[in-house]
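Everything below concerns the one structure shown next.
There are 2 protein chains.
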Amino acid sequence: MRQLVYEILEKQKKALSLYEIEQQFVNVERSTIFRTLKTFQDNYLIHSIDDGTGAVKYALCDDDCTCKPDDLHIHFLCNKCGQTHCMKDMPVPKMDLAEGFSFENANFVVKGICPNCR
Amino acid sequence: MRQLVYEILEKQKKALSLYEIEQQFVNVERSTIFRTLKTFQDNYLIHSIDDGTGAVKYALCDDDCTCKPDDLHIHFLCNKCGQTHCMKDMPVPKMDLAEGFSFENANFVVKGICPNCR
DNA sequence: GAGTACGTGCAACAGTATTGCAAAGTTTTA
DNA sequence: TAAAACTTTGCAATACTGTTGCACGTACTC
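Note that the protein sequences, when read in sequence, are chains A and B.
Numbering that gives the first Met the number 0 applies: residue 0 is where the first sequence begins, and numbers increase by one.
Numbering that gives the first Met the number 0 applies: residue 0 is where the second sequence begins, and numbers increase by one.
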């Protein structure tokens, strides 16, 4: 199961939702995939993205990704096709927060139209 | 109703979820508040933030806010108390997207610990 | 005062995430 | 190798948020 889910994520360049992954199988329970993804996340194989569509999406981390703040990158959500792309070469910019705020994590989703939908 | 909801949002410096607003009332239906907030949004009085907690939060726009991409600012979610703050003086940085991607909107949520929770 | 428009509350529903439990499968151990 | 221990899976149920249909009541209009 883990291998299969991993392969699906590997094949895709984009981030997939639980539902989308489920669609790739014929007879696999959502909860099974859910728990598989959770295992992956716990072991830093994948990262999850909340792009605001209501469904969390998942994508493979790079080999050298530690899922630490330094590795954060921007995600792009196409308003037309709904696909979410990992912009792995675009790190989330560091912001100078106001006094007293400490940085732990960030979620930066840019929305617009992707090349395929123009 | 609209006045009451507006006043609640005005009093708070932070963004509130539908549920949190509901808690401020004794006998008001969720749907009523929901529709009130929707009306506000349609008329650009408030903006909604998806901070990844699962609940959309709402905050007043500035007087001169057009809710257009130029007015976007960063939001800060405290991982401890769960409160979401509007960093109205911190605009979302413009990113140079890869060829073919067009920018329409963005959501930038920084997570960490807020001054109150240190 | 009849008709119309608007706001509210109730109830139901949708979509996603999440958990409990038991069955099935796998590994370990004696 | 058989029993015990552990892991994974599928099913069903549930939680939570958001959303809508409908009916009722109030307020406005003519």
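Glycine is no exception: its CB is placed at the ideal position from the N, C-alpha and C atoms.
Predicted model only: the values in this text are computed from it and were never measured.
C-alpha gap between residue i and residue j, whole angstroms
i	j	result
L96 (chain A)	D95 (chain B)	22 angstroms
L76 (chain B)	C60 (chain B)	18 angstroms
R1 (chain A)	F24 (chain A)	13 angstroms
K87 (chain A)	D41 (chain A)	20 angstroms
V176 (chain A)	G81 (chain A)	Within the shown structure, residues of chain A are numbered from 0 to 117, placing residue 176 (chain A) beyond reach of any answer.
D49 (chain B)	V27 (chain B)	24 angstroms
F33 (chain B)	G51 (chain A)	18 angstroms
I7 (chain B)	E103 (chain B)	30 angstroms
G53 (chain B)	L17 (chain A)	16 angstroms
P114 (chain A)	K10 (chain B)	43 angstroms
I20 (chain B)	K56 (chain A)	29 angstroms
A105 (chain B)	K12 (chain B)	22 angstroms
F39 (chain A)	T83 (chain A)	19 angstroms
H46 (chain A)	V108 (chain A)	14 angstroms
L71 (chain A)	K110 (chain B)	12 angstroms
K79 (chain B)	I112 (chain B)	6 angstroms
Q22 (chain B)	R29 (chain B)	10 angstroms
M89 (chain A)	L36 (chain B)	35 angstroms
Residue i, DSSP secondary structure in three states
i	result
V91 (chain B)	coil
E103 (chain B)	strand
K37 (chain B)	helix
C116 (chain B)	helix
T83 (chain B)	strand
Opening and closing residue of the beta strand (DSSP E) in which residue i lies
i	result
F75 (chain B)	72-77
Y57 (chain A)	55-59
D49 (chain B)	45-49
Span of the alpha helix (DSSP H), counted from its first residue to its last, around residue i
i	result
V4 (chain A)	1-10
L17 (chain A)	17-22
beta-carbon residue i near the ligand PLP non-hydrogen atom, thresh 7 angstroms
i	result
C64 (chain B)	Ligands in the displayed structure: none, and consequently the ligand PLP is not present.
Given a limit of 7 angstroms on CB to CB distance, which residues of the stretch 27-55 of chain B reach chain A? D49, G51
Within 9 angstroms of chain B by C-beta, residues of the stretch 79-106 of chain A in sequence order: Taking 9 angstroms as the upper bound on Cβ-Cβ separation, chain B lies near residues H84, M86, D88, M89, V91, P92, M94, D95, L96, A97, E98, G99, F100, S101, F102, E103, N104, A105, N106 of the stretch 79-106 of chain A.
At a Cβ cut of 9 angstroms, what residues of the stretch 3-14 of chain B count as close to chain A, listed as they run along the chain? none
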